[in-house]
Amino acid sequence: MGEGHQFNQYSQKVIDHFTNPRNVGEMEDADGIGEVGNPVCGDMMQLFIKVKNGRIEDTKFKTFGCCAAIATSSMITELIKGRTLSELKEITNKVVTEALDGLPKVKLHCSVLAEDALKAALKDYYRKQKKEGENEAS
Amino acid sequence: MRRVNFDHLSCSPLLPEAREAMLPFLSEDMGNPLSRHFLGEKPAKALEEARAHVANLLGASTEEIIFTSCGSESNNLAIKGVAYSYKKKGKHIIGSPIEHHSVIHPLKTLEKQGFEISWLRVDSKGNVNPEEVASLIKKDTILITITSASNEIGTLEPIIEIGEIARRNGVIFHTDAVACAGLMEIDVRKLNVDLLSIAGNVFYGPLGTGALYIKKGIRILPLIEGGIQEKGIRAGTPNIAGLIGMGVAARIAKEKLTQRKDFLIHLRDYLIDGVLNNIPDSFLTGERSNRLPNHASFCIKFIEGESILLHLSFSGIAGTSGSTCSSEALKVSHVLEAIGIDPFWAQGSVTFTLGIDNSSEDVELLLKELPKAVDKLRSLSPFGRRSRGIVRE
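As you go down the protein sequences, you meet chains E and W in turn. Sequential numbering from 6 applies to the first sequence in the working numbering. Sequential numbering from 409 applies to the second sequence in the working numbering.
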């Protein structure tokens, strides 16, 4: 407390995604769920993806955290929606941060949360796919 | 938009009377009190008047007041000044874990320099136990430093009892009274303190002004060396206009102490009850009654403090938080940690400090806007009772 806040350092886009976050919610029939925590500040993100024909058909998120964590969560759902799975490699925390017109330096670690959640959701998706494939084969 | 300041410990408005008194010293009466020519006369006289007002607010004599630039400087000067001055007598210091950073950091620096610091325990409401203070005193204890009230949780500490223990054992006692000055009656003789820090802005003087009471006979080594300003204990040209403003604010604070205190306690209780009744899964931090008259601090479960502050700020309400993400240092409040709050709940910390410029309408606005912000953030949170996600009780 009393060590300074960064309210005025946030870009308009960050504030927009913080106040009107896109794709908020949970998904009953998600094909992949990524759940990650940020060891620095205790932030927590859940990312749900629905995959159809090799594309992200739908995505939802829930995030516990500060303005930067919420804004990056919202932005990454916007960035991945409709993309093919192979295109998702390009969605790094740097891409998310740039799409938000930047973040205060001290808040950059928050953007890692979104990238990690995406990686975790994809990992979960591929694991489930593999399991289904095995079930079908047997 | 209505602007509501519930962050008075960071910045309180300047009293018009203080501003009026300052203005001439920024224009026609500007001068250096140390000058031996006509330009120094008025500032020198006004500075001593200001000193008398501050002394009167604390029940001290004028020669016991040293002007500084802020509460943090006062704390640094008291702690390092005593440690360096008395190190031949001993190197043991007793401190509490709920001090302001301007006490904690100097103590840690001294620790690195070979001083031994004993950290007291505090209970879950932030109370220091005087008996523990007594039990920690050793032959080489030179200083006890304990805040009069934590700026983060508002709990009032048993300064009189600790003062008696310090006096009985011949140990120097410093208290950081920055959050208390002008809000609680302070009489340095009754408190048995040897050093006491205050800051002008907390009682509606200008920002960037402070003072340290140093009981006659206590030796202090200066942090800033140079000329003989402030008896050589704090060299350097002082912020004349600012200190004159602080003097006027101190005079008025003394006159209106009871009136302000009663007003603030009433408003504070309205706010505390309102928040606890309107926000499910929230709790107060610190003591309910034995706390600063203007202080209300909470943890709101399942959401994060900076996010709450930002939503409130959009609604014109200023508050503060001890959450990790609201600190530049990315550390959760050491005070909330010390009183044993689960670090997860500490992320939902919000603190409101009220002032004489607030009204019940301001509290009503908060009670309207805060639940909205909380609901919005909880709808985003993977935690909580309503979420199908992770539940934390």
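Virtual Cβ for every residue (Gly too), placed ideally from N, Cα, C. Because the structure is a prediction, the values reported are computed rather than measured.
Compare the C-alpha of Ser418(W) against each of Ile708(W), Asn609(W) and Cys733(W) and name the closest.
The sequence position of residue 418(W) within the second sequence is 10, counting from 1. Sorting Ile708(W), Asn609(W) and Cys733(W) by C-alpha distance to the C-alpha of Ser418(W) places Asn609(W) at the top.
How would you list, in chain order, the residues of chain W whose beta-carbon sits under 7 Å from the beta-carbon of Ile54(E)?
Position 49 of the first sequence, counting from 1, holds the residue named residue 54(E). Scanning chain W for C-beta atoms nearer than 7 Å to the C-beta of Ile54(E) yields nothing, as the closest lies near 15 Å away.
Whole angstroms are fine: how far does the CA of Cys707(W) sit from the CA of Thr728(W)?
Residue mapping note: residue 728(W) aligns to position 320 of the second sequence, counting from 1. Residue mapping note: residue 707(W) aligns to position 299 of the second sequence, counting from 1. Annotation: Thr728(W) to Cys707(W) spans about 12 Å, alpha carbon to alpha carbon.
Taking 8 Å as the CB-CB cut-off, is Asn75(E) touching chain W?
Along the first sequence, one-based indexing puts residue 75(E) at 70. The question names Asn, but residue 75(E) is Ile in the sequence shown. The Cβ of Ile75(E) sits closer than 8 Å to at least one Cβ of chain W.
Answer with buried or exposed for Ala737(W), where buried requires no fewer than 16 other C-beta atoms within 10 angstroms of its C-beta.
Counting from one through the second sequence, the residue named residue 737(W) turns up at place 329. The residue is exposed, with fewer than 16 neighbouring Cβ atoms inside 10 Å.
So does the region 701-718 of chain W actually touch the region 773-790 of chain W, counting three or more Cβ pairs closer than 8 Å?
In short, these stretches touch, since the Cβ pair count reaches three.
Against Pro44(E), what residues of chain W qualify as contacts under a CB-to-CB distance less than 7 Å, listed in chain order?
Here residue 44(E) is taken as the residue at index 39 of the first sequence, counted from 1. Within 7 Å Cβ-Cβ: nothing; Pro44(E) doesn't reach chain W, min ~11 Å.
8 Å contact criterion, which Phe523(W) and Leu774(W) should meet: CB distance rounded:
Residue numbering aside, residue 523(W) sits at position 115 when the second sequence is read from its first letter. Residue numbering aside, residue 774(W) sits at position 366 when the second sequence is read from its first letter. That belief does not hold up - the Cβ atoms of Phe523(W) and Leu774(W) are roughly 43 Å apart, past 8 Å.
Going by C-alpha distance, which of Asn484(W), Pro441(W), His416(W) and Phe446(W) is nearest Leu629(W)?
Here residue 629(W) is taken as the residue at index 221 of the second sequence, counted from 1. Taking only the C-alpha atoms, the option nearest Leu629(W) is Asn484(W).
Please compile the residues from chain E whose C-beta is within a distance smaller than 8 Å of the C-beta of Pro751(W).
Your numbering for residue 751(W) matches position 343 in the second sequence. Proximity of chain E to Pro751(W) at the Cβ level (cut-off 8 Å) is accounted for by Gly47, in chain order.
At the 8 Å Cβ level, is Glu801(W) part of the contact set with chain E, yes or no?
As a working note, residue 801(W) is residue 393 in the second sequence. Note that Glu801(W) scores 46 on pLDDT, short of 50, meaning its location in the model is unreliable; the coordinates nonetheless yield the value given after this. It does not; no Cβ of chain E falls within 8 Å.
Assumed close pair Arg70(E), Glu745(W) - CB separation to whole angstroms, cut-off 8 Å
Looking up residue 70(E) in the first sequence gives position 65. Looking up residue 745(W) in the second sequence gives position 337. Correcting the residue identity first, residue 70(E) is Gly in this sequence and not Arg. Here Gly70(E) is actually not in contact with Glu745(W); their C-beta atoms are around 19 Å apart, not less than 8 Å.
Could you give the distance in angstroms between the alpha-carbon of Met430(W) and the alpha-carbon of Arg642(W)?
The count along the second sequence starts at 1 and reaches residue 430(W) at position 22. The count along the second sequence starts at 1 and reaches residue 642(W) at position 234. Using only the alpha carbons, I get a separation of about 22 Å.
Say whether chain E places a C-beta atom closer than 8 Å to the C-beta of Glu712(W).
Counting from 1 along the second sequence, the entry for residue 712(W) is found at position 304. Closer than 8 Å: yes.
Taking Cβ-Cβ distances below 9 Å as the criterion, which residues of the region 719-741 of chain W are in contact with chain E?
Those residues of the region 719-741 of chain W placed with their C-beta closer than 9 Å to a C-beta in chain E are His719, Ser721, Phe722, Thr728, Ser729, Gly730, Ser731, Thr732, Cys733, Ser734, Ser735, Glu736, Ala737, Leu738, Lys739, Val740 and Ser741, ordered along the chain.
Return the first residue and the last residue of the alpha helix (DSSP H) that His703(W) is part of.
Within the second sequence, residue 703(W) is the residue found at index 295, counting from 1. Element bounds for His703(W): not the alpha helix (DSSP H) but the beta strand (DSSP E), His703 to Ile708.
How about Val771(W) and Glu560(W): are their beta carbons less than 8 Å apart?
Within the second sequence, the letter at position 363 stands for residue 771(W). Within the second sequence, the letter at position 152 stands for residue 560(W). Against a cut-off of 8 Å, the Cβ pair of Glu560(W) and Val771(W) comes out as no contact.
In this structure, how does DSSP classify Glu695(W) when only helix, strand and coil are distinguished?
Looking up residue 695(W) in the second sequence gives position 287. Three-state DSSP puts Glu695(W) in coil, outside helix and strand.
So, does the CB of Gly107(E) fall closer than 8 Å to a CB anywhere in chain W?
Here the question's residue 107(E) lines up with position 102 in the first sequence. Using a CB distance cut-off of 8 Å, Gly107(E) does not count as an interface residue toward chain W.
Using the beta-carbon of each residue, which ones in chain W are nearer than 9 Å to Val29(E)?
One-based indexing of the first sequence puts residue 29(E) at position 24. The answer, in chain order, is Ser787 and Leu788.
If we cut at 8 Å on Cβ distances, does Gly70(E) have a partner in chain W?
For the purposes of this step, residue 70(E) is identified with residue 65 of the first sequence, where counting begins at 1. So, interface residue.
Write down the C-beta distance between Ala754(W) and Ser741(W) rounded to the nearest angstrom, noting that I regard them as a contact closer than 8 Å.
Within the second sequence, the letter at position 346 stands for residue 754(W). Within the second sequence, the letter at position 333 stands for residue 741(W). That pair is a contact at about 6 Å.
Tell me the DSSP secondary structure of Ala685(W) in three-state form.
Looking up residue 685(W) in the second sequence gives position 277. The residue you asked about is not Ala; residue 685(W) is Asn in the sequence shown. In the displayed model, Asn685(W) falls within a helix according to three-state DSSP.
Runs of beta strand (DSSP E) lying entirely within the region 498-555 of chain W, each at least 3 residues, in chain order:
The beta strand (DSSP E) runs of length 3 or more contained entirely in the region 498-555 of chain W are, from start to end of the chain, 500-503, 524-527 and 549-553.
When the cut-off is 8 Å and only beta carbons count, does Ser477(W) lie next to chain E?
Stepping through the second sequence from its first residue, residue 477(W) is reached at position 69. False, the Cβ-Cβ gap to chain E never drops below 8 Å.
Classify Tyr15(E) as helix, strand or coil using the three-state DSSP reduction.
The count along the first sequence starts at 1 and reaches residue 15(E) at position 10. Correct three-state label for Tyr15(E): coil.
Would you decide whether Gln11(E) is buried or exposed? Buried here means 16 or more other CB atoms lie within 10 Å of its CB.
Locating residue 11(E) in the first sequence gives position 6, where the first residue counts as 1. With a pLDDT of only 44 at Gln11(E), under the threshold of 50, the placement of this residue in the model should not be trusted; the figure read from the coordinates follows. When all chains shown are included, Gln11(E) counts as buried.
Examine chain W for any beta-carbon lying closer than 8 Å to the beta-carbon of Val101(E), and answer yes or no.
On the first sequence, residue 101(E) is found 96 positions in, with the first residue counted as 1. No, its Cβ sits nowhere closer than 8 Å to a Cβ of chain W.
Do Ile506(W) and Ser558(W) count as a contact pair if the criterion is CB distance below 8 Å?
Translated into positions along the second sequence, residue 558(W) becomes position 150. Translated into positions along the second sequence, residue 506(W) becomes position 98. Yes, they are a contact pair.
Alpha carbon to alpha carbon, how far is Ile552(W) from Ser690(W)?
Here residue 552(W) refers to the residue found at position 144 when the second sequence is read from its first residue. Here residue 690(W) refers to the residue found at position 282 when the second sequence is read from its first residue. One C-alpha to the other measures close to 35 Å.
Leaving aside the five residues before and after Leu679(W) along the sequence, list all residues of the same chain whose C-beta is less than 6 Å from its C-beta, in chain order.
Within the second sequence, residue 679(W) is the residue found at index 271, counting from 1. Around Leu679(W): Ala704 and Val771.
Residues of chain W with CB closer than 8 Å to the CB of Gln134(E), please, in chain order.
Residue 134(E) sits at position 129 when you count from the first residue of the first sequence. By Cβ distance, chain W contributes nothing, its closest Cβ being about 23 Å from Gln134(E), past 8 Å.
Under 8 Å between C-beta atoms, does Val117(E) make it to chain W?
Against the first sequence, residue 117(E) aligns to sequence position 112. With its beta carbon at least 8 Å from every one in chain W, Val117(E) lies outside the interface.
Hey, could you find the ends of the alpha helix (DSSP H) Glu141(E) is sitting in?
The sequence position of residue 141(E) within the first sequence is 136, counting from 1. Taken as a continuous stretch (DSSP letters only), the alpha helix (DSSP H) holding Glu141(E) covers Leu113 to Ala142.
Output the distance between the C-alpha atoms of Ala574(W) and Ser477(W), rounded to the nearest integer angstrom.
Stepping through the second sequence from its first residue, residue 574(W) is reached at position 166. Stepping through the second sequence from its first residue, residue 477(W) is reached at position 69. Cα atoms of Ala574(W) and Ser477(W): separation of roughly 28 Å, rounded to the nearest angstrom.
Cα-Cα separation between Asp228(E) and Cys733(W), rounded to whole angstroms:
With chain E covering only 6 through 143, there is no way to say anything about residue 228(E).
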